[in-house]
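Going by my numbering, the first residue of the sequence shown is number 7, and it counts up by one from there.
One structure below.
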Amino acid sequence: MKIKKNDSVKIVRGKDSGKVGNVLAVVTKEAKVVVEGVNQAKRHMKSRVPGKKSEIVTITKPLSLANVMLVCPKCKQTTRVGYKLLKDDKVRVCKKCKAEF
7 MKIKKNDSVK IVRGKDSGKV GNVLAVVTKE AKVVVEGVNQ AKRHMKSRVP
57 GKKSEIVTIT KPLSLANVML VCPKCKQTTR VGYKLLKDDK VRVCKKCKAE
107 F
């Protein structure tokens, strides 16, 4: 997967398009990512303990990987990701500025 945890991504499609945030988690089996502050929903949680009140909780739902685009840490532009093989390592490369990250 080309996007990893703690990467900065920009939302390309959907209700939050144009927003930028960091990736909190990657769900590889479903090809989804959880981005902080994006795609939030309200959920009503019933109290399970007597004496505690029920509440409305805001949760962050995962987005499809196709709806986000990586933001290069060097040039700060949205970019596609390429790979470069060094001696023992495989490094991700920005397609626009050719910077390694």
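Ideal Cβ positions, reconstructed from N, Cα and C, are used throughout, including at glycine.
Remember, predicted model here, so these are calculated numbers, not experimental data.
Contacts around residue i, its chain only, beta-carbon distance under 7 Å, and the 5 residues preceding and following it disregarded
| i | result |
| --- | --- |
| R86 | K101 |
| M51 | S60, E61, V63 |
Proximal residues to residue i (C-beta, below 6 Å), its chain only, five neighbours per side dropped
| i | result |
| --- | --- |
| V33 | P68 |
Range covered by the beta strand (DSSP E) that runs through residue i
| i | result |
| --- | --- |
| I17 | 14-17 |
| A47 | 46-51 |
| I62 | 61-66 |
| V40 | 38-41 |
| G57 | Note, G57: premise wrong, no beta strand (DSSP E); not H, not E. |
| A31 | 26-33 |
Distance, residue j Cα to residue i Cα
| i | j | result |
| --- | --- | --- |
| K96 | G88 | 10 Å |
| V15 | M75 | 5 Å |
| D13 | V77 | 8 Å |
| K10 | A105 | 17 Å |
| K93 | Q83 | 28 Å |
Residues of its chain near residue i, where Cβ-Cβ distance is below 8 Å and the 5 sequence neighbours each way are ignored
| i | result |
| --- | --- |
| R49 | I62, V63, T64, I65 |
(request) Say whether the stretch 54-63 touches the stretch 20-29, bearing in mind that this needs 3 or more beta-carbon pairs closer than 8 Å, one atom from each stretch. (result) no
(request) Scan the stretch 61-103 and note each continuous alpha helix (DSSP H) run of 4 residues or more that stays entirely inside, going in chain order. (result) none
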